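Following the working numbering, the numbering of the sequence shown begins with 7 at its first residue and continues without gaps. We put the beta carbon where it would ideally sit given N, CA and C, even for glycine. Since the structure is predicted, the reported quantities are computational estimates derived from the model, not experimental observations. In what follows, a structure is listed as structure tokens, so that the remarks can point back to it.
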Amino acid sequence: MELLDGKRIADEIKAEIAAEVEAIKGKGGKIPHLVAILVGHDGASETYVGHKEKACAQVGFKSQVLRFEDSITEAQLLDEIRKLNNDPDVDGFIVQMPLPKHIDEQKVIEAIDPKKDVDGFHPVNVGRMNIGLPAYISATPYGIVELLRRYKIPTEGKHCVVIGRSNIVGRPIANLLSQKSYPGDCTVTICHSRTPNIKEYTLQADILIVALGKAEFVTADMVKPGAVVVDVGITRVDAPGTKLGWKLLGDVKFDEVAPKCSYITPVPGGVGPLTIVSLLKNTLKAAKKEVYG
């Protein structure tokens, strides 16, 4: 069994991006510029945005966080998005989710210029990805694909089972791994909360991707020997007696599943570190006009 070390791969990619930014600087080119919009004071959102700022600094990007109180109206937020769409210095920007209840998240996503939508959530980018055109791919699926590529895991003709059908992870990763490319050429099955007897499908999986947000859902009896397991879930649970008083668990019962696998991602330290790196990669593509010319 080998661990799919997302942190190591993320550091590797950051070093590659930093070298490219240095080369752009050396030629007097424009430094990639990423902006994050943060509405309100959600603790998790504050943490994510902080990580993104730090990552930008590590690779030499210009970055900025626009902070607004959760009393901001939908019209005011859409106006801020319009300003960023029209600012030639901004290569890409993200609106950190979740947003306050009175703001329509879908309307916000669709207001972002697809050319600057480095989160890859705009229907134009989702559509381009679905038909195999160059696109900004959302961070988690992009990270999973990169992990499989860098570990040179064979995917052609493999049966990939995805648990979870969210628009952010399940559906896009199922689409990407079914495409005519590497990593890809998989036969893909999507399971979800209405799938009867999920175990029947997971036992067939050469590659099992679990993204349903239910701690330790996948147990050893659900995984076939030698499978590659990618655990996207992350749930904080109480752990009395530990230093922090809590710990993070994935969707896979790691200790009992790991011995059966050929490869498995740990939680934390697997897919997580690659999500922020994917955002950096999309921003670099935006700065170089790689997707939309």
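Whole-number beta carbon distance between residue j and residue i, since they are thought to touch under 8 Å
i	j	result
alanine 221	leucine 250	The pair is not a contact, with the Cβ atoms about 16 Å apart (cut-off 8 Å).
valine 235	cysteine 197	About 14 Å; that fails the 8 Å criterion.
aspartate 261	valine 224	Incorrect: roughly 12 Å between the Cβ atoms, too far for contact.
proline 120	asparagine 136	With a Cβ gap of about 14 Å, proline 120 and asparagine 136 do not count as contacting.
valine 55	glutamine 112	So it is not a contact: roughly 21 Å between Cβ atoms.
isoleucine 118	isoleucine 87	6 Å
Bounding residues of the alpha helix (DSSP H) (the contiguous stretch that carries residue i)
i	result
glutamate 25	The sequence shown places alanine at residue 25, not glutamate. It spans 12-32 - the alpha helix (DSSP H) in which alanine 25 sits, taken as one unbroken run.
phenylalanine 74	Counting along the chain, phenylalanine 74 falls outside any alpha helix (DSSP H), though it belongs to the beta strand (DSSP E) covering 68-74.
lysine 113	111-117
histidine 57	49-65
leucine 250	Leucine 250 -> no alpha helix (DSSP H), and no H or E assigned at all.
valine 151	145-156
isoleucine 137	No alpha helix (DSSP H) contains isoleucine 137, which DSSP labels as neither H nor E.
isoleucine 174	Here isoleucine 174 belongs to no alpha helix (DSSP H), and DSSP marks it neither H nor E.
aspartate 261	260-263
Residue range of the unbroken beta strand (DSSP E) whose run includes residue i
i	result
threonine 281	Careful: threonine 281 lies outside any beta strand (DSSP E), inside the alpha helix (DSSP H) at 278-293.
Residues near residue i in its chain [Cβ-Cβ closer than 8 Å; skip 5 each side]
i	result
threonine 161	Leu154, Leu183, Tyr188, Pro189, Gly190, Asp191, Cys192, Ile213
valine 277	Gly12, Thr146, Gly149, Ile150, Leu153, Val236, Asp237, Val238, Thr271
tyrosine 207	Val167, Thr195, Cys197, Thr201
serine 69	His39, Leu40, Val41, Ala42, Lys58, Glu59, Cys62, Ala63
glutamate 116	His128, Pro129
CA-to-CA distance, residue j to residue i, given in whole angstroms
i	j	result
cysteine 166	glycine 98	32 Å
isoleucine 30	isoleucine 37	7 Å
lysine 58	proline 279	11 Å
isoleucine 43	leucine 90	10 Å
isoleucine 78	histidine 47	13 Å
Own chain, CB closer than 6 Å to residue i, minus 5 neighbours either side, in chain order
i	result
glycine 170	Gly176, Ala217, Leu218
lysine 291	Val297
aspartate 244	Trp252
Bridge-paired residues (DSSP) for residue i
i	result
aspartate 85	Answer is none; aspartate 85 lacks a bridge partner.
alanine 42	Val71, Ile100
tyrosine 269	Glu8, Val234
arginine 242	Leu254
valine 4	Lying outside 7 to 299, the shown extent of the chain, residue 4 is not represented and no answer is given.
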